[in-house]
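Scroll down for the structure; my scribbles are underneath it.
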Amino acid sequence: MHDVIHISIWALVGAAGMVVVAAIVSRILRLRLEKDLLVATLRAFVQLMVVGYILDWIFDVNRWFLVSAWIILMIGIASYNAMRRQTAHFPGLLPRFGLAIILSSAFSMAIGVGLIIHPSPFWNPQYLIPIGGMIIGNSMTAAALSINRLTSEMKTGRGAVEAALSLGASRHIATLPAMRASVKAGMLHIITNTMVVGLVHLPGMMTGQIVGGVDPGEAVRYQIIIMYILMTSNTLSALTSVMLIRGLYFNKRDQLVIPE
Amino acid sequence: MHHSKILELSGVGVRKRRSREDEYSWILRGLDLTVFAGERLALIGDSGSGKTTLLRVLADLEPIREGEILFNNTPVRDLNPSDYRRKVGLVQQTPALFDVDVEYNLQFAPKLENKEFSREELISLLAKVGLGEKLLGAKVETLSVGQAMRVAIARTLSMAPSVLLMDEPTSALDPLSSHKILELVKNLSREMAMTAVLVLHDMEFAKNGADRVALLHDGRIAACTGSKEFFSNPPTDLAKRFAEGLSRGGFDA
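Listed below in structure tokens is the structure:
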């Protein structure tokens, strides 16, 4: 490993100065974004510093239950975010997003980290926390995209869904085309990203590893594994969230009641 | 001629809101209506009077807040939704065909019951709605609106329902094609001894094609009587306005 340049507090302050450029543009064009820029700048600083301290502590103490607690916290926040990103809100979304993200990311972490990268112990925070975070974050995006698509399919495709119901189909059969389109929407996001990976932008983890002193050749191997894992976790997340949530659009008599 | 009641609605109320920001309001309230087996009943009324909602209630697609619906004297809420909907088939105002080919649409209902139509059965189904067998393999996006409407009717007929519900395709079709479709439904209901409830904007057809007319106003049935009587001797002022509209060439949707 090469040495990493230490970032001093003054370097951080200097970087914050870069935000001034954005503030000036906002002022000149009267975008009224100055306040948002200030809040974003401060929030990023506080959130990341706090996370940095907590992670330092988790890495020092190095106990499985702390690592698990952190993963669970990430899943909770991801589920909440997936729900918040919905165009239509209805009861029962949050626990189902939670379950979908738990199932998809647990499976992907078990195979990807446990079997393929194979750190010892399995819960080694150096591997499980950053990779788990990427899996959970991508599962969140896939779930949120899929369900937003499902809602819009129920709206624009209402005629076809109700035509199927009128012909005696159950809600499950009536929503099959909408389900396919929604799962596809969740999967396409990662497939597109995977296609251009390395060409358009270097992914965050690879960048981090290279700055951290890892040889690019090694960093690339990690990135390849991650992209493959993410394709699985996104697919599972899109599929399970759609399976778990599509029933919520209907009442007990299989009448399509959401969106209104 | 009309003996048994096939559908009986009493005190039916539906509450809806137009958007999530809107307040709930009653679209239908305290609505009573009886449909007799074998008749053709026309539902007429101004736009916003609740005609389409009432048709959706009959099709069991709209939740009701109040009241009861009996189908052959059994409460609809006690019937399995799929079983009920197979007996009371809906043809929507826009065809909403499944995005495959015509055959897929016609096989959809039988396949739900693990059955399949033979080629002969499919051809005779298409013939009923005045379409030729060469359309069987046609992709639905290649159909004209009139053809799509006929396929939608055939798709509903594939269940051999005892009641046919239909929203007049005014938005999708020109008046002449719309009239042809209604004539087709009239003849079909006659041949198949099928009850039909039709939302109509075409008063000419309501007069000549329906046995009875029900006029909706503010979510209730404002008048319901035999169609000849409705047009020759309108029971209310509102009915008179509709009956007179006929001589002026009909009402807009």
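Chains as they are written, first to last, in the numbering used here: chain A, 416 to 675; chain B, 40 to 292. Backbone N, C-alpha and C define an ideal beta-carbon position, used for all residues, glycine too.
Given that a residue counts as buried once 16 or more other Cβ atoms are within 10 Å of its Cβ, and exposed if not, what is residue i?
{"i": "isoleucine 424(A)", "result": "exposed"}
{"i": "arginine 280(B)", "result": "exposed"}
{"i": "histidine 240(B)", "result": "buried"}
{"i": "leucine 530(A)", "result": "exposed"}
{"i": "tryptophan 479(A)", "result": "exposed"}
{"i": "arginine 57(B)", "result": "exposed"}
{"i": "leucine 565(A)", "result": "buried"}
{"i": "serine 648(A)", "result": "buried"}
{"i": "methionine 610(A)", "result": "exposed"}
{"i": "alanine 493(A)", "result": "buried"}
{"i": "glycine 185(B)", "result": "buried"}
{"i": "aspartate 99(B)", "result": "buried"}
{"i": "valine 139(B)", "result": "exposed"}
{"i": "tyrosine 664(A)", "result": "buried"}
{"i": "alanine 235(B)", "result": "buried"}
{"i": "leucine 488(A)", "result": "exposed"}
{"i": "alanine 430(A)", "result": "exposed"}
{"i": "lysine 90(B)", "result": "buried"}
{"i": "leucine 427(A)", "result": "exposed"}
{"i": "tryptophan 538(A)", "result": "buried"}
{"i": "asparagine 226(B)", "result": "exposed"}
{"i": "glycine 288(B)", "result": "Legend: pLDDT at glycine 288(B) = 46, less than 50; position of this residue unreliable, value from coordinates given subsequently. Exposed: under 16 other Cβ atoms inside 10 Å."}
{"i": "alanine 484(A)", "result": "exposed"}
{"i": "isoleucine 420(A)", "result": "exposed"}
Against residue i, what residues of chain A qualify as contacts under a CB-to-CB distance less than 7 Å, listed in chain order?
{"i": "leucine 129(B)", "result": "Ser581"}
{"i": "leucine 67(B)", "result": "Within 7 Å Cβ-Cβ: nothing; leucine 67(B) doesn't reach chain A, min ~15 Å."}
{"i": "arginine 259(B)", "result": "Per Cβ cutoff of 7 Å: no residues; arginine 259(B) is ~22 Å from chain A at best."}
{"i": "arginine 59(B)", "result": "Glu675"}
Among the candidates the options, whose CA atom is the shortest distance from the CA of residue i?
{"i": "leucine 277(B)", "options": "Arg56(B), Met231(B) and Ser88(B)", "result": "Ser88(B)"}
{"i": "leucine 94(B)", "options": "Leu255(B), Met198(B) and Phe270(B)", "result": "Leu255(B)"}
{"i": "isoleucine 192(B)", "options": "Lys178(B), Gly169(B), Lys267(B) and Asp213(B)", "result": "Gly169(B)"}
{"i": "alanine 557(A)", "options": "Ala431(A), Val436(A), Ile606(A) and Pro618(A)", "result": "Ile606(A)"}
{"i": "leucine 165(B)", "options": "Pro149(B), Glu155(B) and Val190(B)", "result": "Val190(B)"}
{"i": "serine 49(B)", "options": "Pro114(B), Ile108(B), Leu145(B) and Asp257(B)", "result": "Ile108(B)"}
{"i": "alanine 249(B)", "options": "Glu268(B), Asp257(B) and Arg259(B)", "result": "Glu268(B)"}
{"i": "valine 130(B)", "options": "Tyr63(B), Ser86(B), Ala177(B) and Leu196(B)", "result": "Leu196(B)"}
{"i": "arginine 158(B)", "options": "Glu152(B), Leu151(B) and Lys173(B)", "result": "Lys173(B)"}
{"i": "glycine 552(A)", "options": "Gly513(A), His504(A), Phe537(A) and Ala426(A)", "result": "Gly513(A)"}
{"i": "threonine 650(A)", "options": "Asp630(A), Val615(A), Gln624(A) and Met602(A)", "result": "Met602(A)"}
Name, please, each residue of chain B whose Cβ falls closer than 8 Å to the Cβ of residue i.
{"i": "arginine 668(A)", "result": "Asp99, Pro102, Arg116 and Pro120"}
{"i": "isoleucine 639(A)", "result": "None at all; the shortest Cβ gap to chain B is about 37 Å."}
Considering only the beta carbon of each residue, do residue i and residue j sit closer than 8 Å?
{"i": "valine 465(A)", "j": "proline 540(A)", "result": "no"}
{"i": "glycine 467(A)", "j": "alanine 135(B)", "result": "no"}
{"i": "isoleucine 45(B)", "j": "valine 202(B)", "result": "yes"}
{"i": "leucine 161(B)", "j": "glutamate 180(B)", "result": "no"}
{"i": "threonine 456(A)", "j": "valine 436(A)", "result": "no"}
{"i": "isoleucine 526(A)", "j": "isoleucine 490(A)", "result": "no"}
{"i": "isoleucine 644(A)", "j": "isoleucine 550(A)", "result": "yes"}
{"i": "serine 217(B)", "j": "threonine 209(B)", "result": "yes"}
{"i": "threonine 590(A)", "j": "arginine 511(A)", "result": "no"}
{"i": "glutamate 207(B)", "j": "leucine 237(B)", "result": "yes"}
{"i": "proline 506(A)", "j": "lysine 570(A)", "result": "no"}
{"i": "methionine 233(B)", "j": "glycine 583(A)", "result": "no"}
{"i": "methionine 524(A)", "j": "leucine 508(A)", "result": "no"}
{"i": "isoleucine 544(A)", "j": "isoleucine 641(A)", "result": "no"}
{"i": "serine 520(A)", "j": "serine 554(A)", "result": "yes"}
{"i": "leucine 671(A)", "j": "valine 576(A)", "result": "yes"}
{"i": "serine 228(B)", "j": "arginine 79(B)", "result": "yes"}
{"i": "threonine 92(B)", "j": "glutamate 101(B)", "result": "yes"}
Below 8 Å on C-beta distance, what does residue i contact in chain A?
{"i": "leucine 227(B)", "result": "Per Cβ cutoff of 8 Å: no residues; leucine 227(B) is ~17 Å from chain A at best."}
{"i": "methionine 198(B)", "result": "Leu582 and Gly583"}
{"i": "phenylalanine 147(B)", "result": "Ala579, Leu582 and Ala584"}
{"i": "arginine 125(B)", "result": "Leu582 and Gly583"}
{"i": "leucine 151(B)", "result": "Leu582, Gly583, Ala584 and Ile588"}
{"i": "arginine 56(B)", "result": "Glu675"}
{"i": "arginine 251(B)", "result": "Chain A residues near arginine 251(B): none, gap ~24 Å exceeds 8 Å."}
Roughly how far, in whole angstroms, is the beta-carbon of residue i from the beta-carbon of residue j, given that I think they are within contact range, below 8 Å?
{"i": "serine 561(A)", "j": "aspartate 669(A)", "result": "Rounded, the Cβ-Cβ distance is 22 Å, inconsistent with contact."}
{"i": "valine 53(B)", "j": "arginine 104(B)", "result": "6 Å"}
{"i": "valine 635(A)", "j": "methionine 646(A)", "result": "That belief does not hold up - the Cβ atoms of valine 635(A) and methionine 646(A) are roughly 17 Å apart, past 8 Å."}
{"i": "alanine 282(B)", "j": "phenylalanine 270(B)", "result": "5 Å"}
{"i": "alanine 81(B)", "j": "alanine 187(B)", "result": "Their Cβ separation, rounded to whole angstroms, is 23 Å, which puts alanine 81(B) and alanine 187(B) out of contact at 8 Å."}
Along chain A, in chain order, which residues have C-beta atoms closer than 9 Å to that of residue i?
{"i": "methionine 242(B)", "result": "Per Cβ cutoff of 9 Å: no residues; methionine 242(B) is ~26 Å from chain A at best."}
{"i": "arginine 91(B)", "result": "The sequence given here has threonine at residue 91(B), not arginine. Chain A residues near threonine 91(B): none, gap ~12 Å exceeds 9 Å."}
{"i": "arginine 189(B)", "result": "Correct list: empty, because the minimum Cβ distance to chain A is about 15 Å."}
{"i": "arginine 194(B)", "result": "Ala578 and Leu582"}
Using a cut-off of 9 Å between C-beta atoms, extract the partners of residue i located in chain B.
{"i": "glutamate 577(A)", "result": "Arg95, Ala98, Leu100, Leu129, Gln131 and Ala135"}
For a contact defined as C-beta to C-beta under 7 Å, what are the partners of residue i on chain B?
{"i": "isoleucine 673(A)", "result": "The contacting residues do not exist; isoleucine 673(A) stays about 10 Å from chain B at best."}
{"i": "glycine 574(A)", "result": "Gln131, Thr133 and Ala135"}
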